[in-house]
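So the structure is just underneath, and the comments pick up after that.
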Amino acid sequence: MARIRIHAWLALVACAACATTLAAAPLGPVAKPLAEPGPDAYAIRPINSLGVGIGAKPGVLPTNYAAEHGVASPSPLASARSWPITCYHWAASASRSNPLYFEEVNAERYGYACGCLQPVVSTVHFFGTVPYLPYLMASDCPRECVYTLGHYRPGSCAPYRSHGWPVDLLGAAAEGGAVAGLILLVP
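Heads up: the sequence shown runs through residues -19 to -1, 1 to 168, numbered per mature numbering (1 follows the signal peptide of the UniProt record, and there is no 0).
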């Protein structure tokens, strides 16, 4: 609480110092106002007196201050920009995670979704994957790292394709054991 009071006090002192500095500083030269607009400025003109030309009227050009200071207009060759060629080499990020058993690759990585039905499709995918979890956990151990290499890079045009589960005998044995255990468990 004391820290907050000290910070508030310092902020108040800083604001007061800035205010006195600004009040004591003399103002710069004040620009003179332009001539008062004549009575035509507020008159309503007929619509056919208006035009679409936006070019400057001849003889009514602003003062060229650059010419007074000796600044020449650039040559047309100087306006062409020759940007250096940038060569970019993609390096794999080597990011890894534990196996993603419920991942929807097409929807999550590549954006192929089903619009308004996507929540329903994701729910069916989740609950359809739950019974096969022993198979997936035996084929891809939960403690092993899985790298994202092999997928298309983000932003590249990726075709829609089917992403199946790996074929594994150990996974099939684990799934069979889980099903047999559930059958024997429930009389």
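By construction, the Cβ of each residue, glycine as well, lies at the ideal position given by its N, Cα and C atoms.
As the structure is a computational prediction, the values presented were derived from the model and not from experiment.
| field | residue 78, DSSP secondary structure in three states | value | strand
(request) Under 8 Å by Cβ, that's how I've got residue 122 and residue 77 pegged, so tell me the actual separation to the nearest angstrom. (result) Their Cβ separation, rounded to whole angstroms, is 13 Å, which puts residue 122 and residue 77 out of contact at 8 Å.
- [ ] Could you tell me whether the stretch 138 to 150 touches the stretch 87 to 104, using the rule of 3 or more Cβ pairs below 8 Å?
- [x] yes
Over what stretch of residues does the alpha helix (DSSP H) that includes residue 159 continue unbroken? Per DSSP, residue 159 belongs to the alpha helix (DSSP H) from 150 to 166.
Q. From residue 117 to residue 73, what distance separates their C-alpha atoms?
A. 26 Å
Check: According to DSSP, is residue -1 helix, strand or coil?
Finding: Because the pLDDT at residue -1 is just 48, under 50, the model does not fix this residue reliably, and the value given afterwards should be weighed accordingly. In the structure shown, residue -1 sits in a helix (DSSP, three-state: H, G or I).
*Just checking, does the stretch 154 to 162 make contact with the stretch 107 to 115 on the three C-beta pairs under 8 Å criterion?*
yes
*Euclidean distance between Cα positions of residue 130 and residue 96*: 28 Å
**Request:** For residue 117, name the three-state secondary structure that DSSP assigns.
**Result:** DSSP places residue 117 in helix when its eight states are reduced to three.
Item checked: Other residues of its chain near residue 41: CB distance less than 8 Å, five sequence neighbours each side excluded -> none
*Applying the criterion that 16 or more other CB atoms from any shown protein chain within 10 Å of the CB defines a buried residue, is residue 22 buried or exposed?*
exposed
- Three-state secondary structure (DSSP) at residue 106? In the structure shown, residue 106 sits in a helix (DSSP, three-state: H, G or I).
- request: Have a look at residue 30 and residue 17 and give me their C-alpha separation to the nearest angstrom.
  value: 23 Å
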